[in-house]
Structure formats: structure tokens, C-alpha cells
Amino acid sequence: MKAVTVAPRAAGSVRYEEVPEPDTDTGSILVEAVAVGICGTDIEIASGSYGWAPRGRERLILGHESLGRVLDPGPHGGLNPGDLIVGIVRRPDPVPCPNCAVGEWDMCRNGQYTERGIKEIDGFMSARWRIEPGFYTKVDPTLGVLGVLLEPTTVVAKAWEQVAAMRARAFWEPRTALVTGAGPIGLLAAMLGVQLGLDIHVLDRATTGSKPRLVHDLGATYHSGSVADIGFEPDVIIECTGVGQVIVDSIRQVGAGGVVCLTGVGTGGLTTGLPAADVATELVLQNNVIVGSVNANRRHFYRAAEALSAANRDWLEQLITRRVPPQDITAALHRDPDDIKVIVEFDK
Ligand SMILES: [Zn+2]
Numbered sequence: 078m079k080a081v082t083v084a085p086r087a088a089g090s091v092r093y094e095e096v097p098e099p100d101t102d103t104g105s106i107l108v109e110a111v112a113v114g115i116c117g118t119d120i121e122i123a124s125g126s127y128g129w130a131p132r133g134r135e136r137l138i139l140g141h142e143s144l145g146r147v148l149d150p151g152p153h154g155g156l157n158p159g160d161l162i163v164g165i166v167r168r169p170d171p172v173p174c175p176n177c178a179v180g181e182w183d184m185c186r187n188g189q190y191t192e193r194g195i196k197e198i199d200g201f202m203s204a205r206w207r208i209e210p211g212f213y214t215k216v217d218p219t220l221g222v223l224g225v226l227l228e229p230t231t232v233v234a235k236a237w238e239q240v241a242a243m244r245a246r247a248f249w250e251p252r253t254a255l256v257t258g259a260g261p262i263g264l265l266a267a268m269l270g271v272q273l274g275l276d277i278h279v280l281d282r283a284t285t286g287s288k289p290r291l292v293h294d295l296g297a298t299y300h301s302g303s304v305a306d307i308g309f310e311p312d313v314i315i316e317c318t319g320v321g322q323v324i325v326d327s328i329r330q331v332g333a334g335g336v337v338c339l340t341g342v343g344t345g346g347l348t349t350g351l352p353a354a355d356v357a358t359e360l361v362l363q364n365n366v367i368v369g370s371v372n373a374n375r376r377h378f379y380r381a382a383e384a385l386s387a388a389n390r391d392w393l394e395q396l397i398t399r400r401v402p403p404q405d406i407t408a409a410l411h412r413d414p415d416d417i418k419v420i421v422e423f424d425k
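Note that the sequence shown ends on residue 425 in the working numbering; no numbers are left out.
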């Protein structure tokens with residue numbers, strides 16, 4: 078069969094090539110690929126700056142935002158041929174740490190977890206793949222190819238859960254939330270925030286293109302420019318840019334007792350030189366929380382499937398701005414300014 082493979086840490090090594098059929102050791106459920114989403118992590122792996130091949134091999138099958146159709150459900154119950162499913166990305170570490178031991182591998186404490194298409198296990202960008210019972214989520218069949226948005230939705234399902242966990246601290250009824258960044262993660266974070274009944278605001282650099290309209294269509298408010306200029310103090314900020322200035326501005330702008338949830342990763346870029354003691358003073362005097370959130374466990378995959386199922390299909394459709402066949406993987410890994418979500422589509 079054909080797959081998109083990469084030699085991690087070797088720039089320009091991405092190939093669409095012949096590989097063996099998926100090993101039965103990788104799961105009793107056989108699936109044919111429908112589509113795989115591309116995100117910043119894939120672009121990093123392709124550029125040679127991230128990723129780990131399986132032990133004893135040089136190349137890794139890329140792709141972690143999966144959508145597949147069950148060919149053979151295997152001996153375990155719960156699936157039928159033709160069902161649409163999405164594979165869970167992370168696998169618990171072998172020790173396991175306490176969090177992995179209770180199924181919270183997204184909170185792994187020792188970093189020895191593995192991840193499909195990223196860290197030591199093949200991903201989903203192959204004509205067929207296998208998955209273990211318990212490591213997939215069924216997708217509402219009426220979503221069709223839009224189910225490929227499920228994995229990025231899990232990331233924000235977890236982020237909102239982290240925010241909700243802060244209600245245990247004190248009496249707190251958040252009403253307003255700002256999402257920074259209107260990429261796929263930011264837009265999906267906004268969608269979930271609207272579903273939760275919050276007054277949602279989204280901030281992005283873009284002043285034209287589809288982002289302002291997509292935010293408006295959610296019933297949310299769009300802002301461009303600086304976080305400091307939004308004109309109110311949000312109860313919650315979901316930070317999806319990873320940009321130093323936006324992070325610092327978010328910490329300063331969030332209201333008293335509020336929560337800043339960081340989901341973006343970046344490097345450097347701090348332009349204000351805000352001293353640590355000043356940040357601490359802002360947090361202390363307002364009882365604020367900064368929480369980092371990454372990855373997702375089975376519960377978040379379930380929540381994401383519910384959220385997508387309840388979402389407007391025309392709106393979701395507009396998040397997918399390019400559909401590329403696997404042989405054009407190089408084009409898929411190239412970012413266009415108007416891209417929101419690019420997907421590799423297998424059964425075109
Ligand atoms: Zn662990």
C-alpha cells in the first residue's frame with residue numbers, strides 16, 4: 078500500500094511511497110483512510126525539527142488527525158464495517174506513570190508516552206491502518222469527511238475542561254471569553270465556547286478573508302489588533318497563538334479571578350520584557366490562573382465527537398480550505414496565507 082513517510086530530523090525527507098500493509102500487532106481493527114488533517118506539528122516534522130521514528134527504523138508514517146472507514150472490525154464488538162472512526166493519538170507510557178495508569182495519558186508525567194505519526198508509532202497517512210479497541214472514537218456518519226476535524230477539536234475540548242476545573246476554586250460563573258488566534262484551533266475553541274453558552278470574542282491579525290465572517294457566523298465577536306485594545310476584561314482567555322506578546326497581553330487583560338489557558342506553542346518572541354515579578358503580582362492580586370493544556374484522552378475524544386455532531390455543517394465545511402491527494406503531500410505541507418485547515422484526502 079502507499080503511505081506518506083518521513084525520516085524525522087531530516088529536512089525534506091517526506092515521500093509518498095510503497096510500504097508494507099499495517100502489522101496486525103498494531104491493532105485488531107483494520108481501517109481504510111478517508112482523510113488526514115495537516116497541522117503545525119506535521120509541518121515541523123517535515124521540516125526536520127521534530128518527531129521520532131519507531132525504534133529500529135529510520136522512517137515514520139506521518140499524520141495524527143485521522144478519519145477512517147472500518148474495513149474489518151475484528152473480534153471485539155462495537156464496530157461495523159463502514160463505520161467512520163478517528164484514532165486516538167497518544168499511547169500511555171510503559172512504566173506507567175500514575176496518570177497513564179488511570180487513562181490520563183494526555184497528562185503523562187514522565188514523557189515516555191508515544192504518539193501516532195509523531196513519536197515512535199506510525200501515523201494515519203497510509204491507505205490502510207490498524208487500531209486497538211479502546212483507542213478510537215466513532216464519528217457521527219452525517220459528518221462525512223468533516224470528521225477529520227475531530228482530533229483538533231479534542232485539543233480544545235480538553236482546554237475548556239481545564240478551564241471548567243477552575244470552578245472548584247471559588248464561586249465563579251464565567252460569562253465572557255476571548256480566544257486569541259483564528260486558526261483551526263482558535264475557531265474550534267470559539268465554537269465550543271458558544272456551545273457552552275459563553276459570550277465569545279475572537280482576536281486575530283487578519284482583517285480580511287474568511288476568519289472575521291466565520292467568527293460572526295458563530296454569533297461571536299471578531300477583533301483584530303491587540304489584546305489590550307479589546308475594551309473589556311474577559312473571564313476566560315483561550316490562547317491559541319503561542320506568540321509572546323499575545324501571551325503577556327492576555328495575562329494582563331484577563332479579569333479578576335479569571336483563567337488564561339495556553340494551548341499554543343512557540344519559541345522566543347517576547348517583545349515587552351515584562352519582568353517575572355510583575356507577572357506574579359498581577360496573578361496574585363487578582364487570583365488569576367494560567368494553565369497549559371496539551372493533547373487529549375479518551376474523554377476529550379468523546380466530547381469532541383459530541384461537539385462536532387452538534388455543529389453547523391456548512392460552518393465546519395468552511396474550515397477546510399484545501400483538499401489535497403496524498404501524492405501532492407509537498408503542497409499540503411506548504412502553508413498558504415488563506416489556509417485554515419488543509420487535509421489530505423485518500424478516497425477521492
Ligand atoms: Zn505517563
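No residue lacks a Cβ here, since even glycine has one placed at the ideal position from N, Cα and C.
By alpha-carbon positions, which one of the options ends up nearest to residue i?
{"i": "residue 341", "options": "372, 364 and 332", "result": "372"}
{"i": "residue 408", "options": "246, 172 and 93", "result": "93"}
{"i": "residue 421", "options": "259, 225, 351 and 269", "result": "225"}
{"i": "residue 395", "options": "321, 417 and 185", "result": "417"}
{"i": "residue 329", "options": "354, 318 and 360", "result": "360"}
{"i": "residue 343", "options": "323, 406 and 307", "result": "323"}
{"i": "residue 248", "options": "317, 333 and 357", "result": "333"}
Which residues in the same chain as residue i place their Cβ atom closer than 8 Å to its Cβ, once the five residues preceding and following it in sequence are excluded?
{"i": "residue 214", "result": "162, 163, 165, 227, 375, 378, 379, 381 and 382"}
{"i": "residue 282", "result": "301"}
For residue i versus residue j, is the C-beta distance shorter than 8 Å?
{"i": "residue 145", "j": "residue 111", "result": "yes"}
{"i": "residue 262", "j": "residue 199", "result": "no"}
{"i": "residue 302", "j": "residue 339", "result": "no"}
{"i": "residue 280", "j": "residue 385", "result": "no"}
{"i": "residue 104", "j": "residue 208", "result": "yes"}
{"i": "residue 147", "j": "residue 108", "result": "yes"}
{"i": "residue 172", "j": "residue 157", "result": "no"}
{"i": "residue 121", "j": "residue 84", "result": "no"}
{"i": "residue 297", "j": "residue 277", "result": "yes"}
{"i": "residue 189", "j": "residue 160", "result": "no"}
{"i": "residue 388", "j": "residue 268", "result": "yes"}
Any heavy atom of ligand 1 within a distance shorter than 7 Å of the CB on residue i?
{"i": "residue 186", "result": "yes"}
{"i": "residue 213", "result": "no"}
{"i": "residue 190", "result": "yes"}
{"i": "residue 170", "result": "yes"}
Short of 6 Å in beta carbon distance, which residues of its chain neighbour residue i, apart from the five on each side in sequence? Order them along the chain.
{"i": "residue 336", "result": "240, 243, 313 and 366"}
{"i": "residue 191", "result": "168, 197 and 198"}
{"i": "residue 149", "result": "107"}
Excluding the 5 residues preceding and the 5 following residue i in the sequence, name in chain order all residues of the same chain whose CB lies nearer than 7 Å to its CB.
{"i": "residue 78", "result": "96, 98, 203, 204 and 205"}
{"i": "residue 423", "result": "110, 111, 112, 204 and 403"}
{"i": "residue 193", "result": "141, 164, 166, 199, 200 and 201"}
For the pair the segment 109-127 and the segment 176-186, tell me if three or more CB-CB distances fall below 8 Å. no
If we count Cβ pairs, one from each stretch, closer than 8 Å, do we get three or more for the segment 273-291 versus the segment 250-258? yes
Taking contact to mean at least 3 C-beta pairs separated by less than 8 Å, is the segment 130-137 in contact with the segment 101-120? no
Taking three-plus beta-carbon pairs below 8 Å as touching, is the segment 281-289 in contact with the segment 303-315? Between the segment 281-289 and the segment 303-315, the count of Cβ pairs shorter than 8 Å is below three; the stretches do not touch.
May I ask you to verify whether the segment 223-237 touches the segment 291-306, counting CB pairs closer than 8 Å and requiring at least 3? no
Is there contact here, the segment 202-222 with the segment 408-416, by at least three beta-carbon pairs under 8 Å? no
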